[in-house]
């Protein structure tokens, strides 16, 4: 457990250092971007024998916060954090689970001469928190794993809307056996850029 927390801390500090040094040695502009996402019905799957079929997951919301750096009018990058409100899957009856990933984000715009074309967003990161309720209905902490996603974002002044495909991964140890867990969903949401 301590080793995993140490790795997570190193990843977070690495992202923070990239942004801090970039700001010190360039004329880039920062944007803080809170956002609210609706995660549509998703799929939950495990690597356990007899449980490899994908299980449906109900809609729920995610709260996100991104820190973006403007390199130029067509390219931004930064870091983000998302909290998935607990959602239900039906393995052994209804049980809630949640992920909290930290990630790097890349936002690539089309030239300004092309109107009404959204930018491409790519996210790559790690789930620093993964937990789900056990058979006693207690939220158990499990091991995080890779997080990635891609989608489209359209900005109008400081407001933006986006749609994206996301994949959250983690694992648990069941009687000495590592079980891989994956949750995928399509999300739609909106946010606001605050320049600092």
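Residue numbers (this note's numbering): 604 to 799.
For each residue, glycine too, the CB sits at the ideal point set by N, CA and C.
The structure presented is a predicted model; accordingly, all values stated were derived computationally and were not measured.
(request) Just list the beta strand (DSSP E) runs in the stretch 723 to 785, keeping only unbroken ones of 3 residues or longer that don't cross its boundaries, in chain order. (result) 742 to 759 and 762 to 777
(request) With DSSP collapsed to three states, give me the class of residue 710. (result) Within the chain shown, the letter at position 107 stands for residue 710. Residue 710: strand per DSSP, three-state reduction.
(message) Which same chain residues end up closer than 6 Å to residue 797 when comparing Cβ atoms and leaving out the 5 residues on each side of it in sequence?
(response) Here residue 797 is taken as the residue at index 194 of the chain shown, counted from 1. Result list for residue 797: 635, in chain order.
(message) Between the alpha carbons of residue 670 and residue 633, how many angstroms are there, rounded?
(response) Taking the chain shown and counting its residues from 1, one reaches residue 670 at position 67. Taking the chain shown and counting its residues from 1, one reaches residue 633 at position 30. Cα-Cα distance, rounded: 7 Å.
(request) Note down the Cα distance separating residue 749 from residue 727, rounded to an integer number of angstroms. (result) Taking the chain shown and counting its residues from 1, the one referred to as residue 749 is at position 146. Taking the chain shown and counting its residues from 1, the one referred to as residue 727 is at position 124. Going by the C-alpha atoms only, they are around 8 Å apart.
(request) Indicate whether residue 734 and residue 701 have their beta-carbon atoms separated by less than 8 Å. (result) As a first step, residue 734 must be located in the chain shown, where it is residue number 131. As a first step, residue 701 must be located in the chain shown, where it is residue number 98. Yes, the Cβ-Cβ distance between residue 734 and residue 701 is below 8 Å.
(message) Just verifying my parser: in three-state terms, what is the DSSP assignment at residue 636?
(response) Position 33 of the chain shown, counting from 1, holds the residue named residue 636. In this structure, residue 636 counts as strand in the three-state DSSP scheme.
(message) Helix, strand or coil, according to DSSP, for residue 628 in the structure here?
(response) Start at 1 with the first residue of the chain shown, and residue 628 comes out as number 25. A caution first: residue 628 carries a pLDDT of 49, below 50, which makes its placement in the model unreliable, though a value can still be read off. Three-state DSSP puts residue 628 in coil, outside helix and strand.
(message) With a threshold of 7 Å on Cβ separation, who are the neighbours of residue 720 within its own chain once the five nearest residues in sequence on each side are excluded?
(response) By one-based count along the chain shown, residue 720 stands at place 117. Cβ neighbours of residue 720 beyond the five flanking positions: 713.
(message) Suppose the cutoff is 6 Å on Cβ atoms and the five residues either side in sequence are ignored; what does the same chain contact list for residue 640 look like?
(response) As a first step, residue 640 must be located in the chain shown, where it is residue number 37. Excluding residues within five positions, the ones whose Cβ falls inside 6 Å are 665, 790 and 792.
(request) Rank 682, 752, 689 and 710 by C-alpha distance to the C-alpha of residue 732 and give the top, closest one. (result) To locate residue 732, count along the chain shown from 1; it is residue 129. Minimum Cα distance to residue 732 is reached at 689.
(request) Look up residue 799 in the DSSP assignment and say whether it is helix, strand or coil. (result) For the purposes of this step, residue 799 is taken as the residue at position 196 of the chain shown. If DSSP states are grouped into helix, strand and coil, residue 799 belongs with coil.
(request) Write down the C-beta distance between residue 769 and residue 752 rounded to the nearest angstrom, noting that I regard them as a contact closer than 8 Å. (result) On the chain shown, residue 769 is found 166 positions in, with the first residue counted as 1. On the chain shown, residue 752 is found 149 positions in, with the first residue counted as 1. Between residue 752 and residue 769 the Cβ distance is about 4 Å, and since that is below 8 Å, they are a contact.
(request) Within the same chain, show all residues whose beta-carbon is closer than 7 Å to that of residue 686, passing over the 5 residues directly before and after it, in chain order. (result) One-based indexing of the chain shown puts residue 686 at position 83. Closer than 7 Å at the Cβ level, and outside the excluded window around residue 686, lie 665, 666 and 703.
(message) Quick test of your reading: residue 602 and residue 682, contact by CB under 8 Å. State the CB separation rounded to the nearest angstrom.
(response) The question about residue 602 has no answer here: the residues shown for the chain are numbered 604 through 799.
(message) With a threshold of 8 Å between beta-carbons, can residue 667 be considered close to chain B, or not?
(response) Included in the structure is just one protein chain, with no chain B present.
(message) Just to confirm before moving on: does the CB-CB distance between residue 668 and residue 684 stay below 8 Å?
(response) Mapped onto the chain shown, residue 668 falls at position 65. Mapped onto the chain shown, residue 684 falls at position 81. Yes, Cβ-Cβ distance for residue 668 and residue 684 is below 8 Å.
(request) Return the chain-ordered list of same chain residues with a C-beta closer than 7 Å to the C-beta of residue 692, the five sequence neighbours on each side being excluded. (result) Indexing the chain shown from 1 puts residue 692 at position 89. 647, 658, 660, 698 and 700, listed in sequence order.
(request) Output yes or no for whether 8 Å exceeds the beta carbon distance between residue 746 and residue 775. (result) If you number the chain shown from 1, residue 746 lands on position 143. If you number the chain shown from 1, residue 775 lands on position 172. Result yes, Cβ atoms of residue 746 and residue 775 sit closer than 8 Å.
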